[in-house]
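Colleague: Handing you this structure, nothing more for now.
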Amino acid sequence: MQAREAEPPGFAAIDWSKPWFAPFAERGKRWQQAALTSYQALLAEMNADAGELRQSTGRGQRLAFIAQDDLPPGAAYEAHIAATGCVPTRHNLHDFFNASMWFAFPRIKAALNARQSAAIDALGVGSSRGGVRDMLTLFDENALLFACADAALGAALRGFDWHTLLVARRDAWGAGCEVRCFGHALMEKLVAPFKACTGHAWIVDVPAGYFEWDAMKREAFLDESVAAALLGTDALTSRMFAPLPVLGIPGWWPDNESSVFYDDTSVFRAGRRAR
49 MQAREAEPPG
59 FAAIDWSKPW
69 FAPFAERGKR
79 WQQAALTSYQ
89 ALLAEMNADA
99 GELRQSTGRG
109 QRLAFIAQDD
119 LPPGAAYEAH
129 IAATGCVPTR
139 HNLHDFFNAS
149 MWFAFPRIKA
159 ALNARQSAAI
169 DALGVGSSRG
179 GVRDMLTLFD
189 ENALLFACAD
199 AALGAALRGF
209 DWHTLLVARR
219 DAWGAGCEVR
229 CFGHALMEKL
239 VAPFKACTGH
249 AWIVDVPAGY
259 FEWDAMKREA
269 FLDESVAAAL
279 LGTDALTSRM
289 FAPLPVLGIP
299 GWWPDNESSV
309 FYDDTSVFRA
319 GRRAR
C-alpha cells in the first residue's frame with residue numbers, strides 16, 4: 049500500500065518567534081488568526097490594513113486584495129494588479145506571505161509590479177517570461193535582502209567564501225551586515241525549514257550608521273534603495289543575486305553555532321565564482 053503524502057503545513061504552523069518571521073510578526077499574527085477563521089476573514093483583514101495605510105501598486109492604483117476566482121479569465125496576474133490595484137489572493141501560505149510583503153516593503157513590491165507589467169505590455173505574456181521577467185519573479189519569490197556596510201562581507205558572499213562570511217566574521221552580523229527575508233515562496237518554505245533551503249541574496253550597500261537605526265528606519269531604507277535599483281537598472285539578470293543558505297545565517301539556527309555545520313558542501317558549495 050502506498051504511503052499517504054504528508055499534508056503541507058498550514059497557517060497554524062507559522063512560528064513568529066523565528067528570526068526570519070519575527071520582523072513581520074505584529075501584523076502577521078492578526079492575519080494568521082483571520083486566516084484560521086476563514087478565507088473571507090483573511091481578505092477582510094488584509095483590505096482593512098490596505099485601506100488604513102493607503103498603499104498603492106506599480107501604477108499608483110490603490111492596493112486591495114481579491115479572491116483568486118475574481119481574476120478575470122485570461123487576465124495576466126501582474127497586469128491585472130497594475131491596472132486595477134487588486135491582488136488575486138488564495139487562502140494559502142504562499143499568497144499570505146506575498147500579501148504581507150506589500151506592507152513590509154511596499155516600494156519594492158510596487159517596483160516589481162511596475163517592471164513586470166511594463167514587460168508584459170511590451171512583449172505580451174508569451175510562452176516564457178524572458179530574462180527580465182524571470183529575474184523579477186525570482187526576486188519576488190525567493191529574495192533575501194542582504195544589508196551590508198562592509199564591502200569585504202559582500203565580496204565573501206559573492207565569492208562563496210562561507211568561512212569568512214559565516215565563521216571568521218561571525219561577529220560582524222548585526223554590526224556590519226544583516227538579512228531580511230522578502231521572497232514569499234522562500235518564507236513559505238521556512239514554515240518547515242530544512243538545511244538546504246537557499247535564498248537569492250540581493251546585496252544592499254548601507255551606511256555604517258544603519259546598524260544604529262531602529263527596525264522601522266532600516267526597513268524604510270531597504271525599501272527605498274532596492275526599489276530605486278529595480279526601477280533604475282535596465283539589464284536585470286539573475287546573476288545579480290548571490291545564493292545564501294538561510295539556516296547558515298548566524299543566530300538563525302542553533303546548529304550553526306558549531307563551525308562543523310558549514311562543512312556540508314552539498315549546501316555550502318564552492319560555487320562557480322570561487323572556482
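Count along the sequence shown from 1, then add 48; that gives the number in the numbering used here.
Every residue gets a Cβ at the ideal spot worked out from N, C-alpha and C, and that includes glycine.
Note that the coordinates shown come from a computational prediction; the quantities given were computed from them, not determined experimentally.
Less than 8 Å between the beta carbons of N95 and F113, yes or no?
Modeller: Cβ atoms of N95 and F113: closer than 8 Å.
Colleague: Does DSSP put E53 in a helix, in a strand, or in coil?
Modeller: Confidence at E53 is low in this model, with a pLDDT of 46, below 50, so the placement of that residue is unreliable and no value is reported for it.
Colleague: On a Cα-Cα basis, can you pick out the residue from A256, A233, A283, W210 that is closest to G296?
Modeller: Comparing Cα-Cα distances from G296 to each of A256, A233, A283, W210, the minimum goes to W210.
Colleague: How would you call A60, buried or exposed, if buried means at least 16 neighbouring beta carbons within 10 angstroms?
Modeller: Answer is exposed; the Cβ neighbour count stays below 16.
Colleague: Ignoring anything shorter than 4 residues, give me the alpha helix (DSSP H) runs that lie fully in the stretch 93 to 119, in order along the chain.
Modeller: DSSP runs (the alpha helix (DSSP H)) wholly in the stretch 93 to 119: none.
Colleague: Exposed or buried, A322, counting other C-beta atoms within 10 Å across all chains shown (16 or more means buried)?
Modeller: The predicted model places A322 with a pLDDT of 45, which falls under 50 and marks its position as unreliable; any figure quoted below should be read in that light. Exposed.
Colleague: Could you pull the start and end residues of the alpha helix (DSSP H) that I62 belongs to?
Modeller: Per DSSP, I62 belongs to no alpha helix (DSSP H) and is neither H nor E.
Colleague: Is L234 helix, strand or coil by DSSP?
Modeller: It is helical.
Colleague: Please report how far the alpha carbon of W64 lies from the alpha carbon of G76, in whole angstroms.
Modeller: Between W64 and G76, the C-alpha separation is close to 8 Å.
Colleague: Between the stretch 226 to 240 and the stretch 188 to 200, can you find at least three pairs of beta-carbon atoms closer than 8 Å?
Modeller: These segments touch.
Colleague: Using the C-alpha atoms, what's the distance from G202 back to A70?
Modeller: One C-alpha to the other measures close to 24 Å.
Colleague: At the level of alpha carbons, what is the spacing between G58 and A130?
Modeller: Near 29 Å, if we compare the C-alpha coordinates of A130 and G58.
Colleague: Closer than 6 Å by C-beta to M183: which residues in its own chain qualify, once you throw out the five before and the five after it? Chain order, please.
Modeller: Result list for M183: L284, T285, S286, in chain order.
Colleague: Only counting the same chain, and skipping five residues up and downstream in sequence, which positions put a Cβ closer than 8 Å to that of Y125?
Modeller: Hits under 8 Å: L119, P136.
Colleague: Our contact map puts Q103 next to L111 with C-beta atoms below 8 Å; I'd like the distance itself, whole angstroms only.
Modeller: Q103 to L111, Cβ: 4 Å. Contact.
Colleague: With DSSP run on the structure shown, which of helix, strand or coil describes L278?
Modeller: Reduced to three states, the DSSP call for L278 is helix.
Colleague: Less than 8 Å between the CB atoms is what I'm expecting for F269 and V254, so what's the real figure, rounded?
Modeller: Yes, they are in contact, since the Cβ atoms of F269 and V254 sit about 7 Å apart, within 8 Å.
Colleague: Helix or strand or just coil, what does DSSP make of A223?
Modeller: Reduced to three states, the DSSP call for A223 is coil.
Colleague: With distances taken Cα to Cα, identify the nearest neighbour of G319 among G179, P293, D169, E236.
Modeller: The shortest Cα separation from G319 among G179, P293, D169, E236 belongs to P293.
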